[in-house]
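Residue numbers (the numbering used here): 2 to 105.
Don't be surprised by glycine CBs; every beta carbon is placed ideally from N, CA and C.
Here is the structure we will look at, set down as structure tokens.
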Amino acid sequence: MSKISTDAKRINEITGRPMAECEKQAKQIAECVSEMCKRVVEFFYLKKDGTTRQAFGTLQPDVVIAHVKSESMREPNPDLVTYFDTEAQAFRSFKKINFKSYVA
């Protein structure tokens with residue numbers, strides 16, 4: 002099963018939204034993460050308080066490696082997207098079910 006299919010199924014299980022919607026959201030998340038590996042990406046997601054957060058994040062190896070501490074490595078949570086926030090200069094994460102969009 003592909004990462005997109007796995008994520009779509011998990012989003013569907015959590016939210017109960019139609020599978021087509023979940024697949025579309027999972028595909029957008031995958032595209033956003035792929036773009037973050039190449040550049041800084043502007044994207045949006047819902048925060049815990051229900052407001053929309055505009056974020057600028059990256060997963061570019063040359064940026065991320067400089068901020069990773071080996072003792073702080075954790076097992077990844079498959080329900081989250083972790084990224085390096087270029088404005089706060091810190092790692093942040095959001096739930097995949099709360100992803101809204103990104104600027105291509």
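Problem - Closest Cα partner of Val82 within the set Gln55, Glu14 and Lys96 - result: Translated into positions along the sequence shown, residue 82 becomes position 81. Per the Cα distances, Lys96.
Problem - Selected residue, minimal CA-CA separation from Lys48, among Asn99, Val104 and Tyr103 - result: Your numbering for residue 48 matches position 47 in the sequence shown. Looking at the Cα atoms, Asn99 is the closest of the given residues.
Practice task
Kindly provide the ranges of any alpha helix (DSSP H) runs that are 4 or more residues long and lie completely inside the segment 53 to 99, ordered along the chain.
Solution key: 62 to 65
Handout entry: Under the three-state DSSP convention, the category Val42 falls into
Key = Against the sequence shown, residue 42 aligns to sequence position 41. Strand, per DSSP.
Practice task
Note down the Cα distance separating Glu32 from Lys70, rounded to an integer number of angstroms.
Solution key: The count along the sequence shown starts at 1 and reaches residue 32 at position 31. The count along the sequence shown starts at 1 and reaches residue 70 at position 69. For Glu32 and Lys70, the distance between alpha carbons rounds to 27 Å.
Practice task
From the DSSP output, read off the bridge partner residues of Ser102.
Solution key: Locating residue 102 in the sequence shown gives position 101, where the first residue counts as 1. DSSP, once it has assigned bridges, lists Phe45 as partnering Ser102.
Handout entry: Ser35 versus Ala89: straight-line alpha-carbon distance, rounded
Key = For the purposes of this step, residue 35 is taken as residue 34 along the sequence shown, with counting starting at 1. For the purposes of this step, residue 89 is taken as residue 88 along the sequence shown, with counting starting at 1. In a straight line, the C-alpha of Ser35 is about 21 Å away from that of Ala89.
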